[in-house]
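Residue numbers (the working numbering), protein chains in the order written: chain L, 1 to 208; chain C, 1001 to 1208; chain W, 2001 to 2208. All C-beta atoms in this analysis are idealised placements derived from N, C-alpha and C, irrespective of residue type, glycine included. These figures come from a predicted structure and were not determined experimentally. Accompanying notes for the structure given below.
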Amino acid sequence: MLKTDGESLLFAVDLAGTLLFAIEGGSAAASGQLDLLGVMVLAFATAVGGGIIRDLLIGAVPPASLRDWRYAALAFFGGFLVFFLHRYVNGIPLVVVLVLDAAGLSLFAIAGTEKALLYKMPSLVAILLGTITAVGGGVLRDIFLARVPRLLQSDIYATAAIVGSVVMIIAGKLGLSVRWAAISGGVVCFLLRLLSLWLHWNLPRMGR
Amino acid sequence: MLKTDGESLLFAVDLAGTLLFAIEGGSAAASGQLDLLGVMVLAFATAVGGGIIRDLLIGAVPPASLRDWRYAALAFFGGFLVFFLHRYVNGIPLVVVLVLDAAGLSLFAIAGTEKALLYKMPSLVAILLGTITAVGGGVLRDIFLARVPRLLQSDIYATAAIVGSVVMIIAGKLGLSVRWAAISGGVVCFLLRLLSLWLHWNLPRMGR
Amino acid sequence: MLKTDGESLLFAVDLAGTLLFAIEGGSAAASGQLDLLGVMVLAFATAVGGGIIRDLLIGAVPPASLRDWRYAALAFFGGFLVFFLHRYVNGIPLVVVLVLDAAGLSLFAIAGTEKALLYKMPSLVAILLGTITAVGGGVLRDIFLARVPRLLQSDIYATAAIVGSVVMIIAGKLGLSVRWAAISGGVVCFLLRLLSLWLHWNLPRMGR
């Protein structure tokens, strides 16, 4: 495994996902009657919350998103976009939002899995950390909005991240390079998420 | 203090408490209209959340429950039991649930206190960390369900963990071995919890 | 920069802010129907929560407020004051509460910024960490009470902490000593908070 290869890949996908998730997090603030500060906090928490939880858990402190000012800058830029251009942001067709969100989910899942592997975590834990990276920010956002995190109730969302992370790890064990293992996992996560939306797939609910 | 004695004791009680709390956490998911993923997340968070918070606070990262795959496996096994056998789980008499929960509470309180002492924390902090280990997972579960943590409102629950932890530390200072100090603290916590349920003891509420 | 100067300043303002915030956190418990334990937990979380999050993020574990028993003792003392003297605490005029809260906010913002600088964080991150130290405990309190954190919705509260932290960092870059930079930042934060209350300033809300 080429460490530099993994690390530069990690950085690029992290930044792309950060902006995507910041825009989404800021948009969610509309439902909570938040002010400009609230929008910024939600954009920041959604964008970098998952990565910060992952970094705290593997002991990579200070977290990457605090050590490098570009994460915070991108997250706040996303928040500003939402706040000042919300008419345009609201006008974006839902399908575009869902596709971009699926892309962010996939990027974060593979970035999180990759970082856990760089820190020599066992496979099961790398899957867990990849998933936490992908969905942790959204869970934090929902906690700030005092509502049950959506992903615990419906949709194939965290599940797509889990599957993508599993595919990435298996591909790595089968001998694929870091880059191709990550691409395989990301594509599977992305397609599974979109397919599940299109076909209205849900996990079974708990019977009563 | 025999370190190996303390550490092996810690491991055994941790695993037993993990399964107990996972089953309980998964069961709580029924009230939140969660799907299979939600049940798994609640089982995991309830089972290992308290220990993870403790480990983050004392700087033992990655947390024990992420380094050893058996914690996650037990937690998810507990979640599966609840999800697929919920008719049977729901049929368990309340008294059995309460007794098992009191056992889990006691196991985690002494495991948390013991680990804090192994990390050379002062007594007051060891009591705090023992209590956080015991009740932290339940608090996380309630936060995920967007409700005020029950233990902040009524019952002798965290209080029993505090008293058990205090007894364990005093017993240790009086010269008892790690094992016997832990057993003393655990038994006191367990009995106090059950006694308070039986006699409907509550802490005073804030007057208005 | 005299490190000892900064550190002793940090310690003094931290203790003063801890007691102020504990009293406030405990008072907030009245709205959540909490018992004695709940009041203690809210006093503790509000008082030391922000500092603990800051310490976890910069890797200063165990957090200062767990290593030194005086933080916990002060926090619980504040909780006891509220619980047993709540008639008198409730009788304190609102203006006094608001002024004391503004003082606590300022103390924590500069203490958090100072500690982040001692740990060699870049300026943007020091501002973020100063603000988290100042408002993190209040956010934790609101999460425990299952409500959307107030500071995300209205008031110049976190914003005052941000501005105070920015002033402190600029003053330091302009060559002021740690002590005077901190005092400048704290005074600006304090006055901005009170001025905004007096003049009913709010940040813009997100349009709909």
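Return helix, strand or coil for arginine 2150(W), following the three-state DSSP convention. helix
Identity of the residue in Leu1145(C), Val1135(C), Arg1205(C) and Val1097(C) nearest phenylalanine 1052(C) by Cα: The amino acid at residue 1052(C) is misidentified as phenylalanine; the sequence shows isoleucine. Of the listed residues, the one whose Cα sits closest to isoleucine 1052(C) is Val1135(C).
Does the Cβ of glycine 1050(C) have 16 or more other Cβ atoms within 10 Å, making it buried, or fewer, making it exposed? Here glycine 1050(C) is buried: its Cβ has 16 or more other Cβ atoms, across all protein chains shown, within 10 Å.
Cα-Cα separation between leucine 191(L) and phenylalanine 1080(C), rounded to whole angstroms: 27 Å
First and last residue of the uninterrupted alpha helix (DSSP H) at aspartate 1035(C): Counting along the chain, aspartate 1035(C) falls outside any alpha helix (DSSP H), and DSSP gives it neither H nor E.
Length at least 4, wholly inside the segment 80 to 145 of chain L: the alpha helix (DSSP H) runs in chain order: 86 to 91, 94 to 118 and 123 to 144
At a CB distance below 8 Å, what residues from the segment 2069 to 2080 of chain W approach chain C? Give them in sequence order. Trp2069, Ala2072 and Ala2073
Between the CA atoms of leucine 1199(C) and glycine 1172(C) - distance to the nearest angstrom: 30 Å
Measure the CB-CB distance between methionine 40(L) and isoleucine 110(L) and report whether it falls below 7 Å. The answer is no: Cβ separation not under 7 Å.
Could you spell out where the alpha helix (DSSP H) holding leucine 66(L) opens and where it closes? 64 to 67
Could you give the first and the last residue of the continuous alpha helix (DSSP H) run that contains isoleucine 2183(W)? 2178 to 2198
CB-CB length for alanine 2106(W) against cysteine 2189(W), believed under 8 Å: In the sequence as presented, alanine is not what sits at residue 2106(W); that position holds serine. The Cβ separation is near 4 Å, so the contact holds.
Cutting at 6 Å between CB atoms, please list the residues of its own chain near valine 1013(C), excluding the five before and the five after it. For valine 1013(C), the CB contacts under 6 Å within the same chain, skipping 5 residues up- and downstream, are Leu1107 and Ala1111 in chain order.
Determine whether the beta carbon atoms of arginine 193(L) and alanine 160(L) lie at a separation below 7 Å. yes
Work out the CA separation of alanine 1072(C) and threonine 2217(W) for me, nearest whole Å. Summary: the structure shown does not reach residue 2217(W), with chain W confined to residues 2001 through 2208, and so no result is reported for it.
Taking all protein chains shown into account, do 16 or more other C-beta atoms lie within 10 angstroms of the C-beta of arginine 2141(W), making it buried, or fewer, making it exposed? Counting Cβ neighbours within 10 Å, arginine 2141(W) comes out buried, since at least 16 surround it.
Against chain W: residues of the segment 33 to 50 of chain L by CB proximity under 7 Å: Gln33, Leu34, Asp35, Leu36, Leu37, Gly38, Val39 and Val41
Which chain L residues sit within Cβ distance under 8 Å of glycine 2136(W)? Near glycine 2136(W) there are no residues of chain L at all, since even the closest Cβ is about 11 Å away, more than 8 Å.
Under 7 Å from the C-beta of isoleucine 2143(W): neighbouring residues of chain L: Ile143
Counted within 10 angstroms of its Cβ, other Cβ atoms place leucine 1078(C) as buried (16 or more) or exposed: Note that residue 1078(C) is glycine in the sequence shown here, rather than leucine. So glycine 1078(C) counts as buried.
Note down the Cα distance separating leucine 2129(W) from isoleucine 2162(W), rounded to an integer number of angstroms. 10 Å
Could you tell me if glycine 1175(C) is buried or exposed, where buried requires 16 or more neighbouring beta carbons within 10 angstroms of its beta carbon? exposed
Under 8 Å between beta-carbons, which chain W residues line up against glycine 1059(C)? List them in chain order, please. What glycine 1059(C) touches in chain W: Val2061 and Pro2062.
Is there at least one Cβ from chain W nearer than 7 Å to valine 1167(C)'s Cβ? no
Taking C-beta to C-beta, are leucine 2195(W) and leucine 36(L) nearer than 7 Å? no
Cβ closer than 7 Å: which chain W residues qualify as neighbours of alanine 146(L)? Ala2146, Arg2147 and Val2148
6 Å CB neighbourhood of lysine 3(L) in its chain, flanking five on each side removed: Low confidence applies to lysine 3(L): its pLDDT is 48, below 50, so where it sits in the model is not reliable enough to give any reading.
Is the beta carbon of glycine 1137(C) closer than 7 Å to that of valine 148(L)? The answer is no: Cβ separation not under 7 Å.
Less than 7 Å between CB atoms is the rule here; does arginine 1205(C) satisfy it with respect to chain W? yes
Just list the residues that DSSP pairs arginine 205(L) with in beta bridges. Asp1035(C)
Which whole-angstrom value describes the C-beta separation of isoleucine 58(L) and valine 1061(C), a residue pair presumed to lie in contact below a C-beta threshold of 8 Å? Right, the Cβ-Cβ distance comes to about 7 Å (below 8 Å), so this counts as a contact.
Would you kindly check if the distance between the Cβ of alanine 2022(W) and the Cβ of alanine 2075(W) is under 7 Å? In this structure, alanine 2075(W) sits near alanine 2022(W), with a CB-CB distance shorter than 7 Å.
Does the separation of the CB atoms of valine 82(L) and valine 89(L) fall below 7 Å? yes
Exposed unless 16 or more other CB atoms sit within 10 angstroms - verdict on proline 1063(C): buried
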